[in-house]
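From first to last, the protein sequence lines are chains Z and X.
Sequential numbering of the first sequence, starting at 1, is according to this note's numbering.
Sequential numbering of the second sequence, starting at 1, is according to this note's numbering.
Reviewing the structure listed below.
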Amino acid sequence: MPRLLVFVEIREGRMTRPSLEALSRCREIGGTSVAAAIASDAPAACFEALARYGIEEAFVATDPVFAPGSRIPQGAPLAAALARIAEQAAPDVVVFPSGETAREILGALAVRMAAPALPDVSRFDVFEGGVEAARPVFAAGFMARVRAEGAPVLVSLRGGSYAASEYPAASPLRVRDVPFAFDEKQSRTTLRKVTAGASGGVDLAEAAVVVAAGRGVRDEQGKRLIEELAALLGAAVGASRGAIEAGLFPAASLIGQTGKTVAPDVYVAVGISGALQHVAGMADSRTVIAVNKDPDAPVFRHATYGIAGDLYEILPAWIKALKKKAAASG
Amino acid sequence: MKFIVCIKQVPDATSLLRVENGRIDTSAGRMALNAFDASATEGAIAFVERCGGEVHAVLAGPPEAEGALRKALAMGAAAGVRLQVRDGDAPPVGQACAQMLADHLRTETFDAILCGKQAQDTDAGVTPAMLAELLGLPFVGNAIALEPDLDGRSENHLLVTRQADARQEITRIQTPCVISCSNNMCDPRIPNIRGVMAARKKPIRTKIIDRPVGLPALTVERYEPMPGRPPARMVDEPWDEALDVLAPYVKIPSGSPAP
């Protein structure tokens with residue numbers, strides 16, 4: 001059985017949902033031959049959760065450089081820690097949750113470990129000696145079926161590609177401490193300032209529902225409607241490039257080829273025309289509900305349900321109707 | 001500051017591409033400068049216009065790819081280099097491409113190497129970090145702003161704003177360094193006639209090199225059209241079908257009065 005190692009990303013002390021999805025997929029493929037790789041200042045906090053996802057072995061690099069308030073950009077220390085972990089764990093495949101963190105370290109590790117890298121796959125399977133995967137390319141215009149051979153093969157997995165599901169662990173977690181120390185004085189990069197990301201508080205990568213605004217949302221009133229609907233649904237707020245250029249939404253909420261890739265249970269696209277670059281970031285969503293004034297908007301080609309109409313009339317009516325439905329169902 | 005931007009020529013985003021026998025037929029489409037690399041080029045040019053310095057461009061590709069280099073020169077880059085592999089026109093991809101660029105860049109002097117964060121055809125985005133690793137240089141990925149480090153006493157630092165997954169980071173990075181650029185960094189200028197004329201006289205050097213060998217194996221077995229969704233069901237007021245999808249997620253704070 002090939003050995004799989006999953007890089008578990010920890011944010012604000014919690015494992016990210018795409019990390020759990022990667023763990024679940026690997027557990028499905030590799031059974032108990034799956035180990036977690038953790039780089040943290042306080043790794044013990046996630047041991048219990050790892051066990052819930054059926055993980056029986058964790059390789060852990062502990063260093064204060066990984067503390068949430070660290071002044072060191074995380075790319076270099078993470079790449080260094082993961083290289084040490086991989087040396088000790090000797091995996092056949094290393095899986096990362098896709099995202100900007102993976103983007104920064106995947107290439108570095110591929111060179112350091114002389115390993116092939118398959119970034120941003122939406123499906124993958126492991127065979128003896130390698131990995132077969134599907135990667136959306138050309139702004140998700142085509143699917144590339146790719147194959148890489150080597151030991152290890154590095155893979156980053158797009159969020160939402162597989163469900164995060166718990167497995168009962170058969171035996172308690174074995175923690176392998178990997179000797180690691182990062183010399184901050186040697187770092188050629190330092191963090192000057194950090195500003196918080198998207199509004200609304202719900203992380204796009206974590207959300208079961210995403211409400212996304214496009215150019216049709218043209219003022220503060222429209223923004224408030226988006227935020228009210230999102231709050232009602234416990235949804236994260238996303239935006240297309242048009243809505244961000246209008247200055248209404250922060251750049252961190254950008255969904256698309258150049259921003260985040262999301263695949264929530266429900267994606268509500270409001271006033272979004274459906275440009276290729278945007279669709280690339282949401283095409284894998286399970287159900288898509290699109291609202292647009294223009295009945296010929298391309299977004300309707302990517303939607304499950306289409307509503308042709310004015311969002312300024314529709315959203316207030318929806319908010320009212322949803323509150324009523326919820327109250328009726330108790 | 002001297003910048004070298006690494007650029008790629010790709011099928012234009014607006015050209016209609018088709019899959020034929022598992023390959024993407026690009027013959028019908030126009031080729032263009034990768035949009036992310038155009039942002040990197042613009043970022044470097046805007047920087048030197050404000051703070052002084054120069055911008056050079058390097059591209060790995062066949063003679064036809066010189067169009068992308070000319071575009072960078074027309075935008076304001078001073079000179080270009082095209083890397084051509086000895087054994088054919090198809091440029092190497094992935095790690096071999098990074099290796100080829102790194103081998104060339106080791107022979108050059110620079111303060112910063114700028115790349116687009118990914119190519120708009122492969123959407124992979126691993127080359128910039130590979131390049132930094134091969135050259136042993138510090139790296140910041142997905143930059144959205146680039147500033148001189150004004151309060152630094154030395155001139156060998158840059159301030160880079162990076163869009164991370166859940167936050168923005170301003171990083172002080174020591175030069176020489178490698179930075180990958182988001183297209184949220186800037187709107188690339190459209191070269192004017194003067195720029196286009198000037199670009200014709202700017203030097204493009206061709207460097208013939210051996211294809212890097214012995215690097216990790218990775219193959220695209222075939223391309224497929226994306227599985228499409230069935231056409232959307234258009235829903236009218238009272239939108240029940242759509243609202244029934246959303247209703248289970250509604251969070252009403254406990255104790256709040258029914259509407």
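Quick reminder that beta carbons are idealized off the backbone N, C-alpha and C, glycines included.
Going by CA-CA distance only, name the one from Z:105, Z:14, Z:278, Z:104 that's closest to residue 241 of chain Z. Check the Cα spacing between residue 241 of chain Z and each of Z:105, Z:14, Z:278, Z:104: the tightest is with Z:278.
Tell me whether the beta-carbon of residue 61 of chain Z lies closer than 8 Å to the beta-carbon of residue 79 of chain Z. Going by C-beta atoms, residue 61 of chain Z is not nearer than 8 Å to residue 79 of chain Z.
Nearest-angstrom Cα distance between residue 249 of chain Z and residue 9 of chain X? Cα-Cα distance, rounded: 32 Å.
Would you say residue 141 of chain X and residue 103 of chain Z are within 8 Å of each other, going by their C-beta atoms? It is a contact, given that the beta carbons lie within the stated cut-off.
Bridge partner(s) assigned by DSSP for residue 57 of chain Z: Looking at the DSSP assignment, residue 57 of chain Z forms a beta bridge with Z:35, Z:174.
Do the CB positions of residue 60 of chain X and residue 97 of chain X come within less than 8 Å of each other? At the C-beta level, residue 60 of chain X and residue 97 of chain X come within 8 Å of one another.
Taking the straight line between their C-alpha atoms, what separation do you get for residue 98 of chain Z and residue 122 of chain X? C-alpha separation (whole angstroms): 15 Å.
Limits of the unbroken alpha helix (DSSP H) element including residue 197 of chain X: Counting along the chain, residue 197 of chain X sits inside the alpha helix (DSSP H) bounded by residues 193-201.
Is residue 47 of chain X close to chain Z, meaning its C-beta is less than 8 Å from at least one C-beta of that chain? Using a Cβ-Cβ cut-off of 8 Å, residue 47 of chain X does not count as an interface residue toward chain Z, since no Cβ of chain Z sits closer than that to its own.
To the nearest angstrom, report how far apart residue 53 of chain Z and residue 166 of chain X are at their CA atoms. In a straight line, the C-alpha of residue 53 of chain Z is about 24 Å away from that of residue 166 of chain X.
When DSSP labels each residue in this structure, what does residue 207 of chain Z get in the three-state scheme? The answer is coil: DSSP assigns residue 207 of chain Z none of H, G, I, E or B.
By how many angstroms is the C-alpha of residue 232 of chain X removed from the C-alpha of residue 222 of chain Z? Put simply, the backbone Cα of residue 222 of chain Z is about 24 Å away from that of residue 232 of chain X.
Amino acids of chain Z, ordered along the chain, whose beta-carbon sits closer than 9 Å to that of residue 58 of chain X: For residue 58 of chain X, there are no C-beta contacts with chain Z under 9 Å, since the nearest C-beta of that chain is about 18 Å from it.
Give the DSSP-derived three-state secondary structure of residue 41 of chain X in the structure shown. Of the three classes helix, strand and coil, the one that applies to residue 41 of chain X here is helix, per DSSP.
Considering only DSSP beta bridges, list what residue 148 of chain X is partnered with. DSSP, once it has assigned bridges, lists X:158 as partnering residue 148 of chain X.
Using a 10 Å radius around the Cβ and a threshold of 16 neighbouring Cβ atoms, would you call residue 127 of chain X buried or exposed? When all chains shown are included, residue 127 of chain X counts as buried.
Nearer than 7 Å: is that true of the beta carbon of residue 226 of chain X relative to any heavy atom of the ligand COA? The model depicted lacks the ligand COA and carries no ligand whatsoever.
Same chain, Cβ closer than 7 Å to residue 100 of chain X, five either side skipped, listed in chain order: Close CB contacts of residue 100 of chain X within its chain, under the 7 Å cut and outside five residues either way in sequence, are with 60, 83, 92, 209, 212 (chain order).
In the stretch 118-129 of chain Z, which residues sit with their C-beta less than 8 Å from some C-beta in chain X, listed in chain order? So the list reads 118, 119, 120, given in the order they occur along the chain.
Let me check understanding here. Comparing Cα to Cα, which of Z:122, Z:35, Z:68 lies closest to residue 56 of chain Z? Nearest C-alpha to residue 56 of chain Z: Z:35.
Partners in chain Z for residue 219 of chain X, counting only beta-carbon separations shorter than 9 Å: One finds 146, 147, 148, 149 in chain Z with Cβ atoms closer than 9 Å to the Cβ of residue 219 of chain X, taken in chain order.
Applying the 10 Å Cβ sphere with the 16-neighbour rule, what's the burial state of residue 158 of chain Z? The residue in question, residue 158 of chain Z, is buried, as its Cβ has 16 or more Cβ neighbours within 10 Å.
Does the structure place the stretch 166-184 of chain Z close enough to the stretch 43-53 of chain X that three or more beta carbon pairs sit under 8 Å? Contact fails: fewer than three Cβ-Cβ distances are below 8 Å.
Buried or exposed: residue 119 of chain Z, going by 16 or more other Cβ atoms within 10 Å of its Cβ? A buried status is given to residue 119 of chain Z, since no fewer than 16 other beta-carbon atoms sit within 10 Å of its beta-carbon.
Here's the rule: buried if 16 or more other CB atoms are within 10 angstroms of the residue's CB, otherwise exposed. What is residue 63 of chain X? Residue 63 of chain X is classed as exposed because its beta carbon has fewer than 16 other beta carbons within 10 Å across all chains shown.
Close beta carbons around residue 75 of chain Z, own chain, < 7 Å, minus the five adjacent residues each side: When the five nearest sequence neighbours on each side are left out, the beta carbons in the same chain lying within less than 7 Å of the beta carbon of residue 75 of chain Z are those of 104, 105, in order along the chain.
If residue 147 of chain Z sits next to residue 130 of chain Z, beta carbons under 8 Å apart, how far is it from one beta carbon to the other, in whole angstroms? Rounded, the Cβ-Cβ distance is 6 Å, consistent with contact.
Chain Z residues whose Cβ lies nearer than 7 Å to that of residue 122 of chain X: Listed along chain Z are 137, each with a C-beta nearer than 7 Å to that of residue 122 of chain X.
DSSP state of residue 63 of chain X mapped onto helix, strand, coil: Taken through DSSP and simplified to helix, strand or coil, residue 63 of chain X comes out as helix.
Nearest-angstrom Cα separation, counted from residue 161 of chain X out to residue 196 of chain X: Our two residues, residue 196 of chain X and residue 161 of chain X, have alpha carbons roughly 31 Å apart in a direct line.
Please state whether the Cβ-Cβ distance between residue 305 of chain Z and residue 250 of chain X is less than 8 Å. No, the pair does not count as a contact, with Cβ atoms beyond the cut-off.
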